[in-house]
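Okay, structure first, notes after.
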Amino acid sequence: MRDKKMVKTLQSQDQIDGYWHDCDFVTGACDAYENASKHLAISELLAKQENYGFSVSHLVLGIEELIKALILMFLNSDRHFISHPHKEKLFANHGFKHINVKKFLSALTKESMDDYDSNWFDYYFNGNPNNTFQQKAYTISKLFNLGQINEQQIDQIIQLLDDANNLKNKGFYVDYDGGWLRPEDVGLATFDNYSNIGNTLMRFVKPLFTTPLLDNDELIEFIYGK
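Residue numbering for the sequence shown follows our numbering, beginning at 401 and increasing consecutively.
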């Protein structure tokens, strides 16, 4: 017989599975994409006013919503693309979203895509333990003819995302660290750097949400599975 602790654990797991089983991932993905687009539009308006602190903060929020939209879309056809605990993190943990932006964009370099070309059979059936995004990132690039990302660009993106959450807070709030820190301290160069991340991510995410599904069997299969 199962002991009480094991039964309780199994019941809890069934409840968690049921909670996510009823989730309409496509609607959530579309809502997150629209929210991301609004953040990025607000960022552009603020940048035109040279209000770069608030602008960069909205850029970071837009980037976070874009990767959330992308992962939710992936979950629609693969409910276990990320684990249940990671699904919770997708809505609550900024760092988790930044890590996944890095992983997704890193999967779009020439080196990564050439690796998939060479090992596609193994990765298709078993996945790549080093980067769970590789197969889906490769498919998006080929499906929409979007090309690759420069290795040097990825290195810069990774470095910038390491400080994204601190910068987001810096752009919104006045702080003190031996001297006063203000949103106005964030300048044009910083905006340009983070705008590049937002534009790059949007380039690979937007087609999933804007391409008509009519008579597009490959895209339908990608979103809804076989």
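Cβ atoms here follow ideal geometry from the backbone N, Cα and C, with glycine treated the same way.
Rounded to a whole number of angstroms, what is the C-alpha to C-alpha distance between residue i and residue j?
i, j, result
"GLY527", "PRO612", "28 Å"
"LYS502", "GLY418", "30 Å"
"GLN411", "ASP422", "Confidence at GLN411 is low in this model, with a pLDDT of 47, below 50, so its placement is unreliable and the value that follows should be read with caution. Distance between the alpha carbons of GLN411 and ASP422 is about 17 Å."
"PHE622", "ASP592", "33 Å"
"GLY547", "SER541", "6 Å"
"TYR576", "THR590", "20 Å"
"PHE572", "CYS430", "26 Å"
"GLU493", "SER483", "Looking at the sequence provided, one finds Asn at residue 493 rather than Glu. When rounded, the distance between both Cα atoms is 14 Å."
In this structure, does DSSP put residue i in helix, strand or coil?
i, result
"LEU614", "coil"
"TYR576", "strand"
"THR600", "helix"
"THR539", "helix"
"LYS606", "helix"
"GLN559", "helix"
Report the CB separation of residue i from residue j in whole angstroms; it is logged as a contact under 8 Å.
i, j, result
"GLY598", "GLY453", "At roughly 16 Å, the Cβ-Cβ gap does not stay under 8 Å, so GLY598 and GLY453 are not in contact."
"HIS498", "ALA564", "5 Å"
"ALA469", "VAL605", "7 Å"
"ASN500", "GLU465", "Going by Cβ atoms, the distance from ASN500 to GLU465 rounds to 12 Å, so no, they are not a contact pair."
Drop a sphere of 10 angstroms on the beta-carbon of residue i, count the other beta-carbons inside from all chains shown, and report buried for 16 or more, exposed for fewer.
i, result
"ALA507", "buried"
"LYS568", "buried"
"THR427", "exposed"
Could you please give me the residues that DSSP links to residue i through a beta bridge?
i, result
"THR509", "ILE549"
"LEU581", "ASP575"
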